[in-house]
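Take 1 as the starting number for the sequence shown in my numbering and just add one per residue.
What follows is one structure encoded as structure tokens, with my remarks underneath.
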Amino acid sequence: MKRKYKLKIFIEIISIALLSLIFILIATFFFLISIYISNLPSIEVATKNIKGGGTQIFDRTGNILLYEIGLRQYPVSYEELTPKVIYTTLAAEDDSFFEHKGISLKGIFRSIILNLKTASLTYGGSTITQQLVRNLFLTQEKTIIRKIKEIILALEIERKFTKEQILTMYLNTINYGAGNIGIKAAADFYFNKDLKDLTWSEAAILAAIPKSPRYYSPIYKENLQRLKKRRDFILDRLVELGWINKDEYLNALNEPIKLSEKKYFKIAAPHFVLEVKKILEKMYPDLNLETAGLKVITTLNYEYQKIAEEVVKDGALKNEKNAGAKNASLLMMDAKTGEILVMVGSRDFFDETIQGQVNMTTALRQPGSAFKPISYVTLFQLGYPIETIVFDVPTNFGTDQNPYVPNNFDKKFRGPVNLRIALAQSINIPAVKVFYLADPERVVENARKFGLITIKDYKNYGLSLGLGTAEVRMIDLVRAYSVFANDGELITQSLILKIYNSKGELIYEYKPQKEKVIDSQPVRMVNDILKDYEARRGLFVRSLPLTKIDEYDIALKTGTSQFYRDAWIIGYTPEFIVAVWAGNTDGKPVKEGLSTVAALPIWHNFVSKIIKDFPKTKFLPPLPVKVNKPLLNGEWITPYGIHSELYFIDRNNPLGPIPSNPYKDPQFYNWEKAVQEWLNNLGFLRNNSNIFF
Numbered sequence: 001m002k003r004k005y006k007l008k009i010f011i012e013i014i015s016i017a018l019l020s021l022i023f024i025l026i027a028t029f030f031f032l033i034s035i036y037i038s039n040l041p042s043i044e045v046a047t048k049n050i051k052g053g054g055t056q057i058f059d060r061t062g063n064i065l066l067y068e069i070g071l072r073q074y075p076v077s078y079e080e081l082t083p084k085v086i087y088t089t090l091a092a093e094d095d096s097f098f099e100h101k102g103i104s105l106k107g108i109f110r111s112i113i114l115n116l117k118t119a120s121l122t123y124g125g126s127t128i129t130q131q132l133v134r135n136l137f138l139t140q141e142k143t144i145i146r147k148i149k150e151i152i153l154a155l156e157i158e159r160k161f162t163k164e165q166i167l168t169m170y171l172n173t174i175n176y177g178a179g180n181i182g183i184k185a186a187a188d189f190y191f192n193k194d195l196k197d198l199t200w201s202e203a204a205i206l207a208a209i210p211k212s213p214r215y216y217s218p219i220y221k222e223n224l225q226r227l228k229k230r231r232d233f234i235l236d237r238l239v240e241l242g243w244i245n246k247d248e249y250l251n252a253l254n255e256p257i258k259l260s261e262k263k264y265f266k267i268a269a270p271h272f273v274l275e276v277k278k279i280l281e282k283m284y285p286d287l288n289l290e291t292a293g294l295k296v297i298t299t300l301n302y303e304y305q306k307i308a309e310e311v312v313k314d315g316a317l318k319n320e321k322n323a324g325a326k327n328a329s330l331l332m333m334d335a336k337t338g339e340i341l342v343m344v345g346s347r348d349f350f351d352e353t354i355q356g357q358v359n360m361t362t363a364l365r366q367p368g369s370a371f372k373p374i375s376y377v378t379l380f381q382l383g384y385p386i387e388t389i390v391f392d393v394p395t396n397f398g399t400d401q402n403p404y405v406p407n408n409f410d411k412k413f414r415g416p417v418n419l420r421i422a423l424a425q426s427i428n429i430p431a432v433k434v435f436y437l438a439d440p441e442r443v444v445e446n447a448r449k450f451g452l453i454t455i456k457d458y459k460n461y462g463l464s465l466g467l468g469t470a471e472v473r474m475i476d477l478v479r480a481y482s483v484f485a486n487d488g489e490l491i492t493q494s495l496i497l498k499i500y501n502s503k504g505e506l507i508y509e510y511k512p513q514k515e516k517v518i519d520s521q522p523v524r525m526v527n528d529i530l531k532d533y534e535a536r537r538g539l540f541v542r543s544l545p546l547t548k549i550d551e552y553d554i555a556l557k558t559g560t561s562q563f564y565r566d567a568w569i570i571g572y573t574p575e576f577i578v579a580v581w582a583g584n585t586d587g588k589p590v591k592e593g594l595s596t597v598a599a600l601p602i603w604h605n606f607v608s609k610i611i612k613d614f615p616k617t618k619f620l621p622p623l624p625v626k627v628n629k630p631l632l633n634g635e636w637i638t639p640y641g642i643h644s645e646l647y648f649i650d651r652n653n654p655l656g657p658i659p660s661n662p663y664k665d666p667q668f669y670n671w672e673k674a675v676q677e678w679l680n681n682l683g684f685l686r687n688n689s690n691i692f693f
């Protein structure tokens, strides 16, 4: 009896202990549940990941998407979800979605049986609500703990949100492959359509992809057969569920899988958008552009861009054959606003044989004679008139031990010429003299005021800087020319018009600013020369008609770098500036004598197509400048005899009296010797057509 009593007591103790342990386990379980539930994000937190997406870069109209950084994600409201989208999604993923409370017992039991059969955790039996939970809050690992969390959170999601809210969040966050997050991005990417315009077949295709984007995304040809089978399965389910009729089913089943052109695979205006990306990274160094959800409206005129890309490619292919210049680039800027309207960095961004991904509009290259207007405008600041005579004769600007004897483009020497002819025909000997007379330090100072900040101390280059041997970027050179187009004002420059954040709020807007960097008179003198069609005839000869477009004032300047590596044309009106470069990215020289011909046709073919969109604004004329002094008055045969420029001009006081001792100038002997040698040979060369006087 006593033994039975002890056994009973023992059993009771064990039972109490077991019950206590069970109670502790249950309490712990519910305590953990309460923690999970208490930490469940609010609806605002739950939806924060679906507001935004990648950074979108648009053209100036805001309608053409040029490029997108990161994932594409365009949130939609429930009202934008059409019956086709809803029914195909439910047929594919969870046909009892509107009946269950977040989990499907039928689905769970089915997944348990399948996992036992396969000895794995492959099958999940997840509802749309569970999938949403997994996408927003959990990892994709397949563990029992994660599954418990998933179920708990799914039940709580169903308690807090409506079915419509849950389905909307799901369709905004599900992965549709190829960087598309959400149904709207997928419809836009694969079919170039809004949701309301999808067919039953297209909606079923989109519903098929999330099961495994890697195996069903139609961007890969090997997926198409699998995708068709899954689409047909979804269409069959729609019929079984009574959600479409027989005719709709048959039409969808027979509709071929046809995608839109893959507009995102190849970047539009690639050099331009990558430059924009660099700018954004500098503007927002702490922002992840891949998830920032920015909408960037750029300055690009996409219509002009397409024209430019075509003419650059055609021109470069011809140049490769005729001039040995494989590459070309083109840049256009609105002179009044500084907005970059066109940027073609090479003839083909994807052509590695020409190093096509190098953006030649931002690469450092010698501008050659395209630099000369800055020397001339600096000279005109000192009061020199356009009629000033300089001698285009062979001249050693160096020493006997270290000579510097530049040549002219056509290897001809013209004798005395005025500054109009010297600049319009881009003659080198006068250009070096102008650079020296204007004072190299002042020329460099003006160049930097004009935005050419890559040019340092002129002593690094010597007098050759007057011929453009200092490297600059095309984009900076175009801005420098805005000073000529804007009557002495330097305009700010931009590739971006506006930036909106993920909430659609304007956070940046470009507002052009102008700064007066030089007086108008010397600028107008340069413009008057560069727009002079007849004055440039001697340079262009047979290609002269390409420099003119009827009824428009067009100022034009060529440029050829040392050893014929770079060919430039910069043409401008008071409305816009267009620069063209032709050459080889690796610096291999162009065929001698063909550099101007390489760039000019590209420039003309582009400008002639777009100029009609701009007013026929005229350049303001300069005031007349008269100086009663030899050479500056346009006369080189003087009462003092025939002498070089430095015989009559004191560089420190060019409008003052004739120097009493011109030998004080370190260049006087060189210049005077060259002129006297020319005079000594004048009788012999009097009938030579290369000498003009």
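We put the beta carbon where it would ideally sit given N, CA and C, even for glycine.
Predicted model only: the values in this text are computed from it and were never measured.
Using CA atoms only, rank isn't needed, just tell me which of the options is closest to residue i.
i	options	result
E441	V478, T378, Y404	T378
D392	P373, K433, L382	K433
Q493	L300, A424, G641, R230	L300
V607	P615, V578, A555, S561	V578
N670	P621, T560, P394, Q305	P394
L682	Y552, F413, G504	F413
D487	A335, A535, T361	A335
D94	F563, V472, N402, I128	I128
P213	G182, I453, V478, K163	G182
L452	L600, V443, G462, V472	V472
I209	G179, K196, D197, L238	G179
I257	E275, E281, Y190, E489	Y190
D665	I649, A674, F350	I649
L198	D236, I157, L259, V239	L259
K557	I157, L155, R134, A424	A424
Specify, as a first and last residue, the run of the beta strand (DSSP E) that residue i falls within.
i	result
T55	55-58
G538	First-last for G538: 537-540, but that is the alpha helix (DSSP H), not the beta strand (DSSP E).
W581	576-583
G555	According to the sequence provided, residue 555 is Ala. The question's Gly does not apply to it. From DSSP, the beta strand (DSSP E) with A555 extends over 555-560.
D532	It is not in any beta strand (DSSP E) - D532 carries neither H nor E in the DSSP assignment.
P416	415-418
E387	Counting along the chain, E387 falls outside any beta strand (DSSP E), and DSSP gives it neither H nor E.
N327	327-334
I507	506-509
Give the range of the alpha helix (DSSP H) segment to which residue i is assigned.
i	result
T378	372-381
N633	That residue, N633, is in no alpha helix (DSSP H); it is neither H nor E in DSSP.
K84	83-93
S201	200-208
W671	668-680
For residue i and chain C, any beta-carbon pair shorter than 7 Å?
i	result
W671	No chain C appears in this structure, which consists of one protein chain only.
Based on the DSSP output, what are the partners of residue i in its beta bridges?
i	result
V296	I57, I499
N396	Its beta-bridge partners do not exist; DSSP assigns none.
L65	F58
R473	L364
N653	D650
V517	BP columns for V517 are empty, so no partner.
Q73	I181
A567	T560, A582
V344	L330
Taking Cβ positions, are residue i and residue j nearer each other than 7 Å?
i	j	result
P662	T617	no
M474	W603	no
I389	W568	no
G324	T560	no
P385	V627	yes
K184	V76	yes
G187	I234	Per the sequence presented here, residue 187 reads as Ala, with Gly not at that position. No, the Cβ-Cβ distance between A187 and I234 is not below 7 Å.
L497	Y510	yes
D528	P622	yes
F576	V526	no
Validate contact between the region 599-614 and the region 624-641 using beta carbons, cut 8 Å, 3 pairs: By the Cβ criterion, the region 599-614 is not in contact with the region 624-641, since fewer than three pairs of Cβ atoms, one from each stretch, lie closer than 8 Å.
message: With a threshold of 8 Å, are at least 3 pairs of Cβ atoms found where one atom belongs to the region 88-96 and the other to the region 68-78?
response: They do not touch, by the three-pair rule.
message: Can you confirm whether the region 292-309 touches the region 342-354 when touching is taken to mean that 3 or more C-beta pairs between the two stretches lie within less than 8 Å?
response: Proximity of the region 342-354 to the region 292-309 meets the contact definition, three or more beta-carbon pairs being nearer than 8 Å.
query: Are at least three pairs of beta-carbons, each pair with one atom in the region 203-213 and one in the region 158-178, less than 8 Å apart?
result: Short answer: they touch.
Three or more C-beta pairs below 8 Å linking the region 544-562 and the region 312-327: With the rule of 3 Cβ pairs closer than 8 Å, the region 544-562 does not count as touching the region 312-327.
message: Any contact between the region 494-510 and the region 524-541? By contact I mean 3 or more CB pairs, one from each, below 8 Å.
response: No, because fewer than three Cβ pairs between the region 494-510 and the region 524-541 fall closer than 8 Å, the two stretches do not touch.
- request: Taking 8 Å as the threshold, find out whether the region 415-423 comes into contact with the region 344-363 through three or more Cβ pairs.
  value: Remark: fewer than three beta-carbon pairs, one from each stretch, lie closer than 8 Å, so the region 415-423 and the region 344-363 are not flagged as touching.
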